[in-house]
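Order-wise, the sequence lines are chains A and B.
If you're matching positions, the first sequence starts at 101 in my numbering and goes up one per residue.
If you're matching positions, the second sequence starts at 49 in my numbering and goes up one per residue.
Notes follow once the structure below has been shown.
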Amino acid sequence: MDLTAEERAILAGSRGEAARRALEYQIEVGRFWGAKRLVPVTNAHMMGDIEVMGDGGLEFLRKEAESGARCAIPATTNARCIDFAHCERLGQDAGEVAKERKLIQYLRRMDVVTTDTCINYQTVYQPHLGEHVAWGDTGTVIYANSVFGARSNFESGPAALAAAITGRTPEYGFHLDECRKGSFLVELKANLDDLADWGAVGKLVGEAHQDYFAVPVFHGYHRTPAADELKHLGAALASYGSMGMFHFMGVTPEAPDSIQAFQEKIVITEREIDAVYSRYSLGDGDARLVVFSGPQQSLFEMKQLASLFGGKKIREGSACFVTTNGAVLAQSRALGYAGTLEAAGVTILEGVCFYILQNLSPMREANHWTNMVSNSAKIVNIIGAHRFNTILRRTRDCVDIACTGQLR
Amino acid sequence: MHRSIEVRQAFGPVVEGEALVSEEGFSPRYDLDRWTGLITKPGHKLEGASIVGKVCFFPTAKGGIAAGWAFYDIKWKKIAPKAFVFGVTNPVMVQGAVFAGIPITAGWTPHPRGVVKTGDWVRVDPARKMIEVLRS
Numbered sequence: 101m102d103l104t105a106e107e108r109a110i111l112a113g114s115r116g117e118a119a120r121r122a123l124e125y126q127i128e129v130g131r132f133w134g135a136k137r138l139v140p141v142t143n144a145h146m147m148g149d150i151e152v153m154g155d156g157g158l159e160f161l162r163k164e165a166e167s168g169a170r171c172a173i174p175a176t177t178n179a180r181c182i183d184f185a186h187c188e189r190l191g192q193d194a195g196e197v198a199k200e201r202k203l204i205q206y207l208r209r210m211d212v213v214t215t216d217t218c219i220n221y222q223t224v225y226q227p228h229l230g231e232h233v234a235w236g237d238t239g240t241v242i243y244a245n246s247v248f249g250a251r252s253n254f255e256s257g258p259a260a261l262a263a264a265i266t267g268r269t270p271e272y273g274f275h276l277d278e279c280r281k282g283s284f285l286v287e288l289k290a291n292l293d294d295l296a297d298w299g300a301v302g303k304l305v306g307e308a309h310q311d312y313f314a315v316p317v318f319h320g321y322h323r324t325p326a327a328d329e330l331k332h333l334g335a336a337l338a339s340y341g342s343m344g345m346f347h348f349m350g351v352t353p354e355a356p357d358s359i360q361a362f363q364e365k366i367v368i369t370e371r372e373i374d375a376v377y378s379r380y381s382l383g384d385g386d387a388r389l390v391v392f393s394g395p396q397q398s399l400f401e402m403k404q405l406a407s408l409f410g411g412k413k414i415r416e417g418s419a420c421f422v423t424t425n426g427a428v429l430a431q432s433r434a435l436g437y438a439g440t441l442e443a444a445g446v447t448i449l450e451g452v453c454f455y456i457l458q459n460l461s462p463m464r465e466a467n468h469w470t471n472m473v474s475n476s477a478k479i480v481n482i483i484g485a486h487r488f489n490t491i492l493r494r495t496r497d498c499v500d501i502a503c504t505g506q507l508r
Numbered sequence: 049m050h051r052s053i054e055v056r057q058a059f060g061p062v063v064e065g066e067a068l069v070s071e072e073g074f075s076p077r078y079d080l081d082r083w084t085g086l087i088t089k090p091g092h093k094l095e096g097a098s099i100v101g102k103v104c105f106f107p108t109a110k111g112g113i114a115a116g117w118a119f120y121d122i123k124w125k126k127i128a129p130k131a132f133v134f135g136v137t138n139p140v141m142v143q144g145a146v147f148a149g150i151p152i153t154a155g156w157t158p159h160p161r162g163v164v165k166t167g168d169w170v171r172v173d174p175a176r177k178m179i180e181v182l183r184s
């Protein structure tokens, strides 16, 4: 790999042991992918919490912080596994809660800004066209590549932290022009009036093309999609298809000029969307858990939920969770959305994702939850590891299910 | 008969171990019990199998960013496999394996089907980009 004078100096220890180790690690990863060099990045976004990293990861962070590791660029954190205001009521493990507090201290000592959000692209930092960043989770990466035209691979926690410390990342995958070209066409002839419909599109396209380097090109849609719609589309493509980028004709900055050259085509109509919903069923269980999470809710999603839940009550014996980040929650409180949701009996969790909540499996067992209903196709896909049966429904239907216990 | 598989990309030191060959992809988050090293995802083709100390052959990688810490976590708990041999992989698996110091390869010729089966003793040689079946 071609290294700059500065990079060779880092390897020789000019910026300390932590930076030397981080760069060595990045070079190994880059070699695997055939990267010719490292590329400077302006921003890092990392996943780091006790549920995903365990005791080994915590010990690694402690050593990093104590050996003087510091971020060279602005770095933020993804959603975490504990909301300290709710952990006792949720029955989360006190020992793990204490570890999470330590973990946050180590990150802050390294100058990581603990934003605890998976919607950094909506609330914290919006990179511009061509800007190289090092982001994870997958939903943040696909949004950055597709909607902003910024450049990032999926960067796992250790990789994003290394990028934060060295200020660069190996140049492979979506940092390169040749990986960013569209690979197949998807014509959108469905109405797609609900966020869950956009997730359903992501499921249909992602399941059919499980390939990190496949880049779908959407076209033919009858109006301009909103940011929250593209967010649910991207999150589902990344989750079901492991995809890191899409194009949307007339919408995203790097969409091709013409769709003539593409061979393979998928057409999505109302029929395909309806078929997605019809595949889910309650099985032997009931519909007592409704979750709006994965990704965290934007301010406009909070506003819509407040309007749908206004004057209603969560059914006795049912539970409904909404997750968002601190900034959105503060504004939601000021605007009255949070108050409306809480008056209806909704639990709003801050800075977390429902999927990675510490102790989720025991929580499921203690509450005798078998099914989880959500308007997020992403969380419906990934939470199966905790042995939930999952059901995707439109936002209005989810609210109705939370208040009646009846699946529609 | 000498049986071997060439791989396209590889990281790590030479290791030998017992092969665990899967026809289904893998995610340490979706499929694995991260306390026992058993594949516990209901319906996974290797449900009930242990990856501990094995050379694991998986056609594809599944899962998101959280998988990046998981390999280090299972290594810490002493339930890591000897190596991961993927048909197709993604950046998170590679970042995770390199971080944990677990050998990982991607791209295979020929397909392991017919060359290696679960229980065979294999050697993974990342520098030579070669996997050899030593005993079956």
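All C-beta atoms in this analysis are idealised placements derived from N, C-alpha and C, irrespective of residue type, glycine included.
Under 6 Å Cβ to Cβ from residue i, same chain only, skipping five residues before and after it: list those, please.
| i | result |
| --- | --- |
| Lys412 of chain A | Ala444, Cys503 |
| Gly85 of chain B | Ser98, Ile99, Val100, Ile127 |
| His332 of chain A | Leu295, Trp298, Gly299 |
| Gln431 of chain A | Leu399 |
Where residue i and residue j are concerned, what is the direct C-alpha to C-alpha distance, given to the nearest angstrom?
| i | j | result |
| --- | --- | --- |
| Thr269 of chain A | Lys125 of chain B | 29 Å |
| Thr369 of chain A | Arg137 of chain A | 44 Å |
| Asp294 of chain A | Arg171 of chain B | 52 Å |
| Thr215 of chain A | Gly426 of chain A | 8 Å |
| Pro227 of chain A | Phe132 of chain B | 35 Å |
| Gly168 of chain A | Ile414 of chain A | 49 Å |
| Pro356 of chain A | Val301 of chain A | 20 Å |
| Leu389 of chain A | Thr490 of chain A | 10 Å |
| Thr157 of chain B | Glu54 of chain B | 5 Å |
| Ser252 of chain A | Gln363 of chain A | 27 Å |
| Thr176 of chain A | Pro395 of chain A | 16 Å |
| Ile122 of chain B | Ser378 of chain A | 38 Å |
| Asn291 of chain A | Phe409 of chain A | 24 Å |
| Ser283 of chain A | Ala335 of chain A | 19 Å |
| Val139 of chain A | Asp384 of chain A | 53 Å |
| Asn459 of chain A | Gly191 of chain A | 8 Å |
| His145 of chain A | Tyr221 of chain A | 10 Å |
| Met402 of chain A | Gly195 of chain A | 32 Å |
| Glu106 of chain A | Tyr225 of chain A | 27 Å |
| His232 of chain A | Phe248 of chain A | 11 Å |
| Thr88 of chain B | Lys130 of chain B | 19 Å |
Name the two residues that bound the continuous alpha helix (DSSP H) containing residue i.
| i | result |
| --- | --- |
| Ile265 of chain A | 257-266 |
| Asp500 of chain A | 495-504 |
| Trp117 of chain B | 115-124 |
| Ala296 of chain A | 295-308 |
| Lys403 of chain A | 399-409 |
| Lys478 of chain A | 477-482 |
With a threshold of 8 Å on Cβ separation, who are the neighbours of residue i within its own chain once the five nearest residues in sequence on each side are excluded?
| i | result |
| --- | --- |
| Arg77 of chain B | Gly111, Gly112, Ala114, Ala115, Ala118 |
| Ser52 of chain B | Val163, Met178, Ile179, Glu180, Val181 |
| Gly417 of chain A | Arg388, Gly505 |
Could you pull the start and end residues of the beta strand (DSSP E) that residue i belongs to?
| i | result |
| --- | --- |
| Thr177 of chain A | 175-177 |
| Glu151 of chain A | Taken as a continuous stretch (DSSP letters only), Glu151 of chain A belongs to no beta strand (DSSP E), being part of the alpha helix (DSSP H) at 150-166. |
| Trp133 of chain A | No beta strand (DSSP E) contains Trp133 of chain A, which DSSP labels as neither H nor E. |
| Glu354 of chain A | It is not in any beta strand (DSSP E) - Glu354 of chain A carries neither H nor E in the DSSP assignment. |
| Gly426 of chain A | From DSSP, Gly426 of chain A is part of no beta strand (DSSP E) but of the alpha helix (DSSP H) over 426-435. |
| Pro316 of chain A | 316-319 |
| Ile152 of chain B | 152-157 |
| Asp447 of chain A | Per the sequence shown, the amino acid found at residue 447 of chain A is Thr instead of Asp. 447-450 is the span of the beta strand (DSSP E), which, as asked, contains Thr447 of chain A. |
| Glu372 of chain A | Premise fails: Glu372 of chain A lies in the alpha helix (DSSP H), 370-378, not in any beta strand (DSSP E). |
| Leu288 of chain A | 284-288 |
| Ile179 of chain B | 178-183 |
| Gln57 of chain B | 51-59 |
| Ile219 of chain A | No beta strand (DSSP E) holds Ile219 of chain A; DSSP gives it neither H nor E. |
| Val391 of chain A | 389-392 |
Which residues in chain A sit within 7 Å of residue i, going by Cβ to Cβ distance?
| i | result |
| --- | --- |
| Phe147 of chain B | Tyr125, Pro258 |
| Ala96 of chain B | This sequence places Gly at residue 96 of chain B; Ala is not what is there. Within 7 Å Cβ-Cβ: nothing; Gly96 of chain B doesn't reach chain A, min ~15 Å. |
| Thr108 of chain B | Gln310 |
Against residue i, what residues of chain B qualify as contacts under a CB-to-CB distance less than 8 Å, listed in chain order?
| i | result |
| --- | --- |
| Ile456 of chain A | Ala114 |
| Ala338 of chain A | Gly112 |
| Met147 of chain A | Ile113, Ala114, Gly116, Trp117 |
Within its chain, find whatever has a CB closer than 7 Å to the CB of residue i; leave out the 5 residues flanking it on each side and keep chain order.
| i | result |
| --- | --- |
| Cys187 of chain A | Val197 |
| Thr266 of chain A | Ile110, Ala119, Ala122, Leu123, Gln126, Ala172 |
| Gly523 of chain A | Because chain A here runs from 101 to 508, residue 523 of chain A falls outside it and cannot be looked at. |
Give a yes or no on whether 8 Å exceeds the smallest Cβ distance from residue i to chain E.
| i | result |
| --- | --- |
| Met101 of chain A | Structure shown: chain E not included; protein chains present are A and B. |
So residue i contacts chain B; which residues on that side make the cut at Cβ distance below 7 Å?
| i | result |
| --- | --- |
| Ala427 of chain A | Chain B residues near Ala427 of chain A: none, gap ~21 Å exceeds 7 Å. |
Are there three or more Cβ pairs, one per stretch, closer than 8 Å when the stretch 448-462 of chain A is compared with the stretch 299-314 of chain A? No: the two stretches stay apart, fewer than three of their Cβ pairs being nearer than 8 Å.
Is the stretch 335-353 of chain A touching the stretch 309-325 of chain A, taking contact as three or more C-beta pairs under 8 Å? Contact check between the stretch 335-353 of chain A and the stretch 309-325 of chain A: three or more CB pairs, one atom from each, fall below 8 Å, which counts as touching.
Using 8 Å as the cut-off, can you tell me whether the stretch 197-207 of chain A makes contact with the stretch 146-159 of chain A, which would need three or more C-beta pairs spanning the two stretches below that distance? Output reads yes: the stretch 146-159 of chain A touches the stretch 197-207 of chain A.
Inter-stretch contact at 8 Å, needing at least 3 Cβ pairs: the stretch 396-412 of chain A / the stretch 318-334 of chain A: Touching, yes.
Specify whether the stretch 143-153 of chain B and the stretch 242-258 of chain A touch according to this definition: at least 3 beta carbon pairs, one from each stretch, less than 8 Å apart. Taking 8 Å as the limit for Cβ pairs, the verdict is that the stretch 242-258 of chain A does touch the stretch 143-153 of chain B.
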